[in-house]
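2 protein chains.
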Amino acid sequence: MQIGMLVFPDITATDYVAPADLLVRMPGAQLQLVWKHTDPIATELGWEFRATRRMDDCGQLDMLVVPGGPGLGRLLDDEEVLRFLARQAAGAQWIVGICTGPLLLGAAGLLKGYAATCHWASHALLELVGAKPVDQRVVVDRNRVTGAGVTSGIDCALRVIALAGGDAVAQGVQLFAEYDPQPPFDSGSPHKAPAAIVAAMRAKMQPIVQARGAILRKRLG
Amino acid sequence: MQIGMLVFPDITATDYVAPADLLVRMPGAQLQLVWKHTDPIATELGWEFRATRRMDDCGQLDMLVVPGGPGLGRLLDDEEVLRFLARQAAGAQWIVGICTGPLLLGAAGLLKGYAATCHWASHALLELVGAKPVDQRVVVDRNRVTGAGVTSGIDCALRVIALAGGDAVAQGVQLFAEYDPQPPFDSGSPHKAPAAIVAAMRAKMQPIVQARGAILRKRLG
C-alpha cells in the first residue's frame, strides 16, 4: 500500500502528521510526504520540514491524502498541483481529504457528485466544487473519504485503515495511539461551542475562507 | 508565555506536533522546539525536521513540555538532557509530560511524589521514578500535568491551556481544531480494546518498555 500525503508550505502540522502517523502503521504501508521538491519548507507555525518525494518522481499511489492549512488557498489554482492530484486519483484506490484538503480535491474535480465534509469554517465552500456537503466528522462515499477540521484526521485515518486493512488493524493502531478521547470541554464543533466563541472564531477565519471562495469561484464559476 | 517543547531523534511525531500546534494558539504564547542542536533530526518514521532552539541557548521557559517516542529511552541517562530539564523545571510555571515523556521528567527527578500518568504500555515504570501512577488520560498534580499515550497530548494540551489561559481560550482552540472526537471503534485503551489486540500490542512493545525499565533501574535503583 503506497500512501502519498501531500504536504506544502504553510500546512497545518497536525493536519498531516496525525493521520500520517496512524496510516503508516498499517502492515505493508509505505508513506511518502509529497511536494514539488524536497528542499526545506515550513508549516504555518514556521516549523521546518521536508517532503520525502517529489510530485514528478512519484509513482502511482494506492492512497492519496490531502491535508489542509492556511497555505492551501494558494494551491487551489496551482495547475501543477491540480494535475498531479487528478492524475494520481485516476489510479488510486483511496482518495482522502482532511480539514481544508477536500477543497483542493474538489478544485481538481475529484469531488463532483460525492458526499463530502471539511473544516466547519470552510464547509459552505464544498458546494462550489460540486460536492454534496454533509455535516459529519468523517464522510465515506465510494472511494472518497473526507474528514472535518484538523483533529478529525485521527478519526478519518482510523476509518480509512479499517476500510483498507480491516477493523482489527484499525483497533490495534487506535490502541497504540491510545485514542480514547476525553476532551475537557464539549466545544469541538460550532454546534456545541458557546455562541460567542463560535462567532469570534468565525470572524477570525473569515478572510481566509473568503479568499478561498474567490479563487474557487473564479476557477470553477 | 515562553513554551519549550523538547524534541529529539526518533520522537513520535504526533506526540509533539499535536500539543505544540494547540498550545501555541494561546494568545501571547511563543513556542520553541528545543534540542541539543538545530541541525536536521528525524522522527521515528524518518521525517526530517529541525529544532528551533538549542538547549544551551534557551532562556527560562514558562512551560516545559516533554513528549515521547522510541528515541526517549536513550535520553533516560543522558546527563545533558536531564540537567537541562531539572534546571528549566526549577523556574518553570508548568511542567508537562505526554506519552512516555513523563518517564523522562521522572528520570530528571521531577515527578517524585507527584501523581502522574503516561502511555499505557509504560505505565508500570512510573513507580520506578517515584511518581504515584494514576490510570487516567490526563493527571494534574500542582504544576505537573501528564498525559497518557500519543493522542492524549490533545486532551492534555487543552487542559493546560485552560489552566494557563482560562476555559474560554481552551474552548476556542478546541473549536479551531474541531476536536469533537468520534472514534470509529472503542479500542483506545487496554481496558476497552479486544483482549487479543491488547496482548499483541503489549508483546510488540515489550522490548522497548523493558529496555527503558532497565535504564531507569540502573540509574535510580
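Here the protein sequences come in this chain order: H and V.
Numbering follows the UniProt record's numbering, with no gaps: position 149 of the first sequence is 149.
Numbering follows the UniProt record's numbering, with no gaps: position 116 of the second sequence is 116.
Glycine included, every Cβ here is placed at the ideal spot set by N, Cα and C.
Bear in mind that the values here come from a model prediction, so they are computed numbers and not experimental data.
**OP:** Answer yes or no: does any C-beta atom of chain V fall closer than 8 Å to that of proline 27 of chain H?
**Re:** no
Subject >> Short-range partners of chain H found in the segment 155-177 of chain V, where Cβ spacing is below 8 Å >> reply: Going along the segment 155-177 of chain V in chain order, one finds Asp155, Leu158, Arg159, Ala162, Asp167, Ala168, Ala170, Gln171, Gly172, Gln174, Leu175, Phe176, Ala177 with a Cβ nearer than 8 Å to chain H.
Subject >> Exposure of glutamine 174 of chain H, with buried meaning 16 or more beta-carbon neighbours within 10 Å >> reply: With 16 or more other Cβ atoms inside 10 Å of its own Cβ, glutamine 174 of chain H counts as buried.
**OP:** Leaving aside the five residues before and after threonine 12 of chain V along the sequence, list all residues of the same chain whose C-beta is less than 8 Å from its C-beta, in chain order.
**Re:** So the qualifying residues of the chain are Thr43, Glu44, Pro67, Gly68, Gly69, Pro70, Cys99, Val150.
Original post:
Is glutamate 178 of chain H buried or exposed, if buried means 16 or more other CB atoms sit within 10 Å of its CB?
Top reply: Answer is buried; the Cβ neighbour count reaches 16.
Original post:
Does the ligand MN have a heavy atom nearer than 7 Å to the CB of isoleucine 3 of chain V?
Top reply: The ligand MN is absent from the structure shown, which contains no ligands of any kind.
Original post:
So which of H/Val7, H/Leu72, H/Gln60, H/Gln2 has the shortest CA-CA distance to alanine 51 of chain H?
Top reply: H/Val7
Original post:
On the three-state DSSP scale, how would you describe alanine 121 of chain V?
Top reply: helix
Original post:
Would DSSP call threonine 146 of chain V helix, strand or coil?
Top reply: strand
Original post:
Shorter than 8 Å from the beta carbon of aspartate 141 of chain H to some beta carbon of chain V?
Top reply: Chain V contact via Cβ: absent.
Subject >> Rounded C-alpha distance that separates valine 198 of chain H from histidine 119 of chain H >> reply: 13 Å
Subject >> Member of V/Gly4, V/Pro9, V/Ala18, V/Asp10 whose CA lies at the smallest distance from the CA of isoleucine 154 of chain V >> reply: Restricting attention to V/Gly4, V/Pro9, V/Ala18, V/Asp10, the CA atom closest to the CA of isoleucine 154 of chain V is found in V/Ala18.
**OP:** May I ask which residues mark the beginning and end of the alpha helix (DSSP H) holding valine 7 of chain V?
**Re:** Taken as a continuous stretch (DSSP letters only), valine 7 of chain V belongs to no alpha helix (DSSP H), as it is neither H nor E.
Original post:
Since glutamine 32 of chain H is in the beta strand (DSSP E), which residue starts that stretch and which ends it?
Top reply: Segment 30-35, the beta strand (DSSP E) holding glutamine 32 of chain H.
Subject >> Within the segment 51-126 of chain H, ranges of the alpha helix (DSSP H) (whole runs, at least 4 residues) >> reply: 79-91, 101-107
Subject >> According to DSSP, residues forming a beta bridge with phenylalanine 49 of chain H >> reply: H/Ile41, V/Phe49
Original post:
To the nearest angstrom, how far is it from the Cα of alanine 170 of chain V to the Cα of alanine 162 of chain H?
Top reply: 31 Å
Original post:
For aspartate 180 of chain V and chain H, any beta-carbon pair shorter than 8 Å?
Top reply: Against chain H, the CB of aspartate 180 of chain V has a partner CB under 8 Å away; the residue lies at that interface.
Original post:
Using 8 Å as the limit for Cβ to Cβ distance, is histidine 123 of chain H near chain V?
Top reply: no
Original post:
In terms of residue numbering, what span does the alpha helix (DSSP H) encompassing valine 139 of chain H cover?
Top reply: Taken as a continuous stretch (DSSP letters only), valine 139 of chain H belongs to no alpha helix (DSSP H), being part of the beta strand (DSSP E) at 138-141.
Original post:
Considering only residues of the same chain and omitting the five flanking positions on each side of proline 27 of chain V, which have a CB-CB separation below 8 Å?
Top reply: Gly165, Val169
Original post:
Name the chain V residues whose beta carbon is nearer than 9 Å to that of glutamate 127 of chain H?
Top reply: Per Cβ cutoff of 9 Å: no residues; glutamate 127 of chain H is ~19 Å from chain V at best.
**OP:** Look at alanine 196 of chain H and serine 187 of chain H and say whether their C-beta atoms are less than 8 Å apart.
**Re:** Contact flag unset, no.
Subject >> Start and end residues, alpha helix (DSSP H) containing lysine 192 of chain H >> reply: Note, lysine 192 of chain H: premise wrong, no alpha helix (DSSP H); not H, not E.
**OP:** Could you give the DSSP three-state label for proline 133 of chain H: helix, strand or coil?
**Re:** Of the three classes helix, strand and coil, the one that applies to proline 133 of chain H here is strand, per DSSP.
**OP:** Return the Cβ separation of aspartate 77 of chain V and isoleucine 215 of chain V in integer angstroms, given the expectation that the two are a contact with Cβ distance under 8 Å.
**Re:** 5 Å
**OP:** Report yes or no: is there a C-beta of chain H within less than 8 Å of the C-beta of aspartate 10 of chain V?
**Re:** At a cut-off of 8 Å between C-beta atoms, aspartate 10 of chain V does not count as an interface residue with respect to chain H.
**OP:** Could you say which of V/Ala108, V/Val34, V/Leu103 lies nearest to methionine 5 of chain V if we only look at CA atoms?
**Re:** V/Val34
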